[in-house]
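Chemist: Residue numbers (my numbering): 1 to 291.
Backbone N, C-alpha and C define an ideal beta-carbon position, used for all residues, glycine too.
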Amino acid sequence: MTQQVSAAQTQSADSSNPKALYGGKSSRRLTVRDIGLAKERGEKWPMLTAYDAMTASVFDEAGIPVMLVGDSAGNCHLGYETTVPVTLDQLTMLSAAVVRGTSRALIVGDLPFGSYQEGPTQALRSAMRMVKEAGVGAVKLEGGERSHAQIKLLVEAGIPVMAHIGLTPQSVNTQGYRVQGRGEEAAQQLLRDAKAVQDAGAFAVVLELVPAELAAEVTRVLHIPTVGIGAGPDTDAQVLVWTDALGLTGGKMPRFVKQYADLRSVMSDAAKAFAEDVVGGTFPLEEHSVH
Ligand code: KIV
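(1) In the DSSP assignment, the alpha helix (DSSP H) including H293 goes from what residue to what residue?
(2) Taking only heavy atoms of ligand 2 into account, decide whether any of them is closer than 6 Å to the Cβ of I165.
(3) Which residue marks the beginning of the beta strand (DSSP E) containing P46, and which one marks its end?
(4) How many Å lie between G181 and D71 at the Cα?
(5) According to DSSP, is Q90 part of a helix, a strand, or is it coil?
(6) For a quick check, are the C-beta atoms of H164 and K195 less than 7 Å apart?
(7) Do A237 and P225 come within 7 Å of each other at the CB atom, strictly closer than that value?
(8) Taking 6 Å as the line, does the beta carbon of T49 fall inside it for any heavy atom of ligand 1?
(9) Verify the contact flag: V161, CB atom, against every heavy atom of ligand 1, threshold strictly below 6 Å.
(10) Which residue or residues does DSSP assign as beta-bridge partners of K140?
(11) Which residues does DSSP pair with V227 in a beta bridge?
(12) Roughly how many angstroms lie between the CA atoms of V172 and E40, to the nearest whole one?
(13) Three or more C-beta pairs closer than 8 Å, one from the stretch 261-280 and one from the stretch 96-114: is that the case here?
(14) Would you mind giving the Cβ-Cβ distance between M162 and V206, rounded to the nearest angstrom? I have them listed as a contact below 8 Å.
(15) Give every residue of the same chain whose Cβ lies closer than 6 Å to the Cβ of K25, excluding the five residues on either side of it in the sequence, and list them in chain order.
(16) Cβ-heavy atom distance between G119 and ligand 1 below 6 Å?
(17) Candidates H291, D277, Y116 and G143: which alpha carbon is nearest Q189's?
(18) Below 8 Å on the Cβ atoms is my contact criterion, and I expect G137 with T31 to pass it. Report the Cβ-Cβ distance as a whole number of Å.
(19) Here's a check: name, in chain order, each residue in its chain whose Cβ is nearer than 6 Å to the Cβ of Q198, leaving out the five neighbours to either side.
Right under this line is the structure:
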């Protein structure tokens, strides 16, 4: 099978650069300043979601420099159909666990639906909880021009913000799950949204499900890093939901997901092997027993 290899795929860990986000030498907790410097160096970086301490510790040991405690926890961890029901209490608890499980990665806590839409004051109250109770290094919220005032107040208060434009899953009831930014008018709106979040002080912006050419243009125009998911190979960073990337999520995956492992089969086989041992009397054996 012939595979097209993008520039992003050919770039590997830069062990010659001790400051590299992935493959670098620093073992201290990374900050948004490190993320900004990576864009100046033209360095690409990976981000994964995480929802618990143990999984996060694996990704931290693997060198993943940024982890997002996304409200995708709704679908991937808490058993909801969408991200809409997820609460600030839930994401604060999961974020605190991810912070406890890691020592190097910058942890970004998502602000869930209903925790910042009322306005800047509500956003600040919610983000303060994430920073003080969970210990995250930054928060993420959805929306471009419409979230300008929220982002500005958070940044003025000293809370780094990752913005999220394009497909914004918290708006599923008005937007659906459709590619965003197709056509001249929609593309212009996406560019306005990108500039608005940068102008408000966001340190990075997620571009979800937008045409690759448009994501490349946004990445050229902005001085803050773009983090793509379904946005082609030319964004500064790439994010995937960890359960999709490692093959734990069941069912059909969106086209933009690359599956790096098949954890669902690994776990299912292990569970069946345990059950068969118990039923067949081959576990526990003498070596597993105490006397
Ligand atoms: O909640 C999430 O996991 C996200 C990523 C898909 C960017 O917002």
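Modeler: According to the structure shown:
(1) Residue 293 lies beyond the stretch modelled for the chain, which goes from 1 to 291, so this question has no answer here.
(2) Inclusion of ligand 2 in the displayed structure is not the case, the ligand content consisting of ligand 1 alone.
(3) Unbroken beta strand (DSSP E) run through P46: W45 to T49.
(4) The straight-line gap separating the alpha-carbon atoms of G181 and D71 is approximately 23 Å.
(5) Helix, per DSSP.
(6) Pairing H164 with K195 gives a Cβ-Cβ distance that is not under 7 Å.
(7) In this structure, A237 lies closer than 7 Å to P225 by Cβ.
(8) Residue side-chain check: T49 places its Cβ nearer than 6 Å to a non-hydrogen atom of ligand 1.
(9) Outside the cutoff, so no.
(10) According to DSSP, which records beta bridges pairwise, K140 is partnered with D110 and M162.
(11) Note: V227 sits in a beta bridge opposite V206 and A237.
(12) Their Cα atoms are separated by approximately 35 Å.
(13) The stretch 261-280 and the stretch 96-114 do not touch, with fewer than 3 CB-CB distances between them shorter than 8 Å.
(14) Cβ-Cβ separation between M162 and V206: approximately 6 Å, consistent with a contact (criterion under 8 Å).
(15) If we look at K25 and ignore the five residues flanking it on each side, its Cβ neighbours are P18.
(16) No, ligand 1 has no heavy atom inside 6 Å of this Cβ.
(17) If we check each option's Cα against that of Q189, G143 comes out closest.
(18) Right, their Cβ atoms sit about 6 Å apart.
(19) Shown here for Q198: same chain residues with a beta carbon closer than 6 Å to its own, the five before and five after excluded, namely L222 and I224 in chain order.
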